[in-house]
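Just below is one structure, and these are the notes that go with it.
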Amino acid sequence: MRNGGSLRKVASEGLAQFSQHFVSSDAFFVEIQEWLQYNLENLPSESSKFCSPFQLDELRLLDYAIEGVPCQLLFRMPPTASPSAEVDRYLAVEDFVHAGAQHLWEIFWAATTELKSMPLSVKGPKASIMENINSGMEAAAIPGVALLKKDSRAQGGMPWEDVVTFVEVQENTTGALSQGDDTVPGLEIVAHALFHGFLMLSSRFLAERNQAVHQNIDIAYILCVDSQKGGVVRLKGDISKLETITEDVYVSAAEWFREHVEVAVSPVDQVWNRFGNANWGDLGALQLLLALFYSIEQCQGPPKKDVAEMAAEYSAQLQQRRLERDIDEGREAGDTSSLHNHSRGKEVEIEEEEEVKISKHALVADTMHLEPGTILWLEDAQWQQGFRIHKQRGSVQGSLYIGVSLNDMEKLLTVIVGAHPSQLEPCWEDMSTWYQVQRQTRVLNIMKQQGISSRFLPQIAGSGRVMHPGPCSKESPAGRCDHPWCGTPVLVTYPVGETLASAVEIEGRISADEALRCCHDCLSALRSTVSVGIQHGDINPEHMMRAAAADGEYYYVLTDWGHAVLEERDSPAISPKFSSTSALQEGRLCPASDAESLIYLLFFVCGGAIPEFDSMEAALHWRDRAWARRAIQQQLGKVSAVLKAFADYVDSLCTTPYPVDYDIWLRRLNRALPHGDPRRMNDLSFGGSDFATESSGTSAPSIDN
Ligand SMILES: [Zn+2]
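Per our numbering, the sequence shown starts with residue 380, numbered consecutively.
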């Protein structure tokens, strides 16, 4: 260690001296020009060493993730001909960087309360001149705009070690080497970008206090913009490989770039339209935003919100709109009297059509269909586990199977197969398996970590990625090869049963005792998860599973936790028939929302009719009228006085901030079951003793009888 330390000290001293002499970007340009020209000329062919820093998929995912969250600009980009163009251009760029970073921060990082305000600020030439005047120092022009840490302690000039992203602002970024649609940035601007990127990397290396902060101190993102377009240059290089004892620092730096640095250059694309507004959803702006995203991630750590998760939420909204449109179209076909198009927010019909086509194609080509008898091997970081598929679950061709573990051939398991990762974002069909598999795996794991165990909740028997037959040429554990199964995520749970939806389809309705059990078991499951802050958000008859216990009696398991609401920003699923009022109204849950959905579910499985709704308003209107006329209470009253009283109780809580008193209702339900239900008293995960006393018959007075 001491040796390493002293070597580092020597290297730092060399680099500090080197940096004092490395001051002229023009001198650097002379040395690097030829090499840059060769590589930019050959873009985007393979003989160039410069690839693009971003994949189209990454950009699309970010686009989906930030969709629908407005991003406001204060300053428009001025027209090029305006007299104060240069000053205004800097202001517009500063505003873009600030708005973009703030936006990303709020969406992805600020989810936790302690990090509400962005710990980054924007510094442009104007700010720095003002600062220098105030501090009586000589004004030093800053050659661009920087996003830097707010707590930067450096004084005067540009504190390069605290720069998170740097922006080169020029009159024209498009280079002479551009051909047709292949627009590459100009030689000089890339050289400036590399020069400033070098300053960022070398200062970070010298400022040891930043070592712990910067996740990848070897990577720097530099944006290159003019008043219309922009692109991104990324460099990745180990500064310790730089030859610092040298006659000519520029020759040495150019040599370091040629030998030890991976340079990535994006195409230059439109960012601001002719009115001077940023085109947030366009490729050009998305490239800049993604560079900001990665830069923030470098210095602030991974985001609290996952990009894929956010994109999935957007896909869920798309799904909802499509559902509404399908209903409208159905009405149009059958009944032409009144067709009101339900439009909320932005409409992107053309894109949707394209997506539907893609998804159908994808389903035909890539859905993994498993024949009975197939052995499925899963791997995760620690282990590999085999499962044998027995049969498909349900009649619909899809991703649900029943199988067993090779370690325990007795116990039946539910095997849920996700979409192939490459299919993830283009279509919502795949998004719904993302909720079923990836998100549900996360939620169930959180429950497990929180120590929740309840027989009324699904348990994980295994999860991981499919290991396909034949050779696999993936390059890293998280990578994937060309095999259509490679990397497909799978979740295996137990117990196994039939959904309440299919039971009702066959039996028409369920008996009074079953309705009481269903209500009891669901509330018991909810009591456990609410105790660790998890709400289900998607209770409906498809997500309630009826399983048979060893003695042949049914019990109910609340499944499908993929849409669970863990924190304020999570949105519940939207189902016109079963969603709670506040989910439909505000896209949020209140504490009694799951109980409210449970009431609609009970109403439905006890023979109550819920119509097909052609809009959210219609669904809300039905709820209003049904509660006002006490239609739900009347229907449930025919089944059980306790269910009726519970419906009244939930009605009083709907859309209020008051929590559900689970214990009291579990006691009442249990007492209403034939002779009480001893199994339900004993296997409650907590509060069990409480229940035993209650059921002894000597307990507190009860309102139901
Ligand atoms: Zn493979």
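Every residue gets a Cβ at the ideal spot worked out from N, C-alpha and C, and that includes glycine.
Per DSSP, residue i is paired with what?
i, result
"ASP787", "SER784"
"ALA643", "CYS430, ARG613"
"ALA525", "LYS502, PHE545"
"MET846", "TRP756"
"GLY765", "TRP756"
"GLY841", "VAL871"
"ARG925", "GLU877, TYR935"
"LEU602", "VAL546, VAL611"
"LEU779", "ILE795"
"THR553", "PRO564"
"GLN771", "TYR780"
"GLN914", "VAL944"
"ALA657", "TRP651"
Using only alpha-carbon positions, find the residue among the options that is nearest to residue i.
i, options, result
"GLU886", "ILE601, PHE983, GLY849, GLU392", "PHE983"
"ASP617", "PHE584, TYR629, TRP762", "PHE584"
"GLU692", "TRP1006, ARG818, HIS922, ALA1020", "ARG818"
"ARG1002", "LEU791, ALA974, SER958", "SER958"
"SER833", "HIS899, SER811, ALA882", "HIS899"
"TRP1006", "LEU453, LEU968, ASP1027", "ASP1027"
"HIS922", "VAL875, GLU413, GLU758, ALA489", "VAL875"
"LEU972", "ASP993, SER950, GLY986", "In the sequence as displayed, the identity of residue 972 is Ser instead of Leu. It is SER950 whose Cα lies nearest to the Cα of SER972."
"ARG925", "SER674, ARG468, PRO837, ALA690", "PRO837"
"ALA988", "CYS969, MET995, LEU1015", "LEU1015"
"ASP939", "VAL794, GLN1013, LEU1045, CYS969", "VAL794"
"LEU578", "LEU879, LEU435, PRO538, GLN558", "PRO538"
"ILE889", "SER431, LYS1017, TYR443, SER976", "LYS1017"
"GLU641", "GLY797, LYS615, ASP605, ALA997", "LYS615"
"LEU440", "ARG1009, GLU413, VAL686", "VAL686"
"LEU1052", "THR1035, TYR933, PHE574", "TYR933"
"ARG1046", "ILE831, LEU1022, ALA927, MET747", "LEU1022"
"GLU622", "LEU394, GLU975, HIS477", "LEU394"
"ASP661", "THR960, ASP442, PRO990", "ASP442"
"GLN761", "ILE601, SER842, PRO682", "SER842"
"ALA690", "CYS985, THR459, ILE486", "ILE486"
"PRO850", "GLN434, PRO868, TRP864", "TRP864"
"LYS620", "PHE636, VAL612, ASP627", "PHE636"
"GLN764", "PHE454, PRO751, ALA664, LEU870", "LEU870"
"PHE401", "GLY536, VAL628, PRO682, ASP467", "VAL628"
Would residue i pass as an interface residue toward chain D - the criterion being a Cβ-Cβ separation below 9 Å?
i, result
"LEU1032", "The structure shown contains no chain D; it holds only a single protein chain."
Since residue i is in the alpha helix (DSSP H), which residue starts that stretch and which ends it?
i, result
"CYS897", "891-909"
"TYR1028", "1020-1032"
"ILE1043", "1041-1051"
"ARG666", "For clarity, residue 666 is Gln in the given sequence; the question names Arg instead. Per DSSP, GLN666 belongs to the alpha helix (DSSP H) from 662-679."
"ARG570", "For the record, residue 570 in the displayed sequence is Ala; it is not Arg. Run containing ALA570: 566-585, per the alpha helix (DSSP H) assignment."
"ARG1085", "Outside the displayed range of the chain (380 to 1084) lies residue 1085, so it cannot be described from this structure."
"TYR933", "Taken as a continuous stretch (DSSP letters only), TYR933 belongs to no alpha helix (DSSP H), being part of the beta strand (DSSP E) at 933-937."
"ALA464", "464-483"
"VAL944", "Unbroken run through VAL944: none, as it is neither H nor E."
"ARG439", "435-445"
"PHE983", "972-984"
"TYR1037", "Careful: TYR1037 lies outside any alpha helix (DSSP H) and carries neither H nor E."
"LEU836", "Counting along the chain, LEU836 falls outside any alpha helix (DSSP H), and DSSP gives it neither H nor E."
"VAL816", "Unbroken run through VAL816: none, as it is neither H nor E."
"ILE411", "404-420"
"SER461", "Segment: none, SER461 is in no alpha helix (DSSP H) and carries neither H nor E."
"SER961", "960-965"
Specify, as a first and last residue, the run of the beta strand (DSSP E) that residue i falls within.
i, result
"LYS827", "First-last for LYS827: 819-828, but that is the alpha helix (DSSP H), not the beta strand (DSSP E)."
"VAL650", "Taken as a continuous stretch (DSSP letters only), VAL650 belongs to no beta strand (DSSP E), as it is neither H nor E."
Three CB pairs or more closer than 8 Å across the region 856-863 and the region 904-911: no
Nearest-residue set for ligand 1, Cβ under 6 Å from any heavy atom: HIS847, CYS851, LYS853, ARG859, CYS860, HIS862, CYS865
Cβ pair count under 8 Å reaching 3, the region 618-633 against the region 390-408: yes
Three or more C-beta pairs below 8 Å linking the region 650-662 and the region 600-608: yes
Three CB pairs or more closer than 8 Å across the region 844-851 and the region 749-767: yes
Three-pair Cβ contact test at 8 Å for the region 663-673 versus the region 560-580: no
Stretch-stretch touch, CB-based, cutoff 8 Å, three pairs: the region 910-919 with the region 940-948: yes
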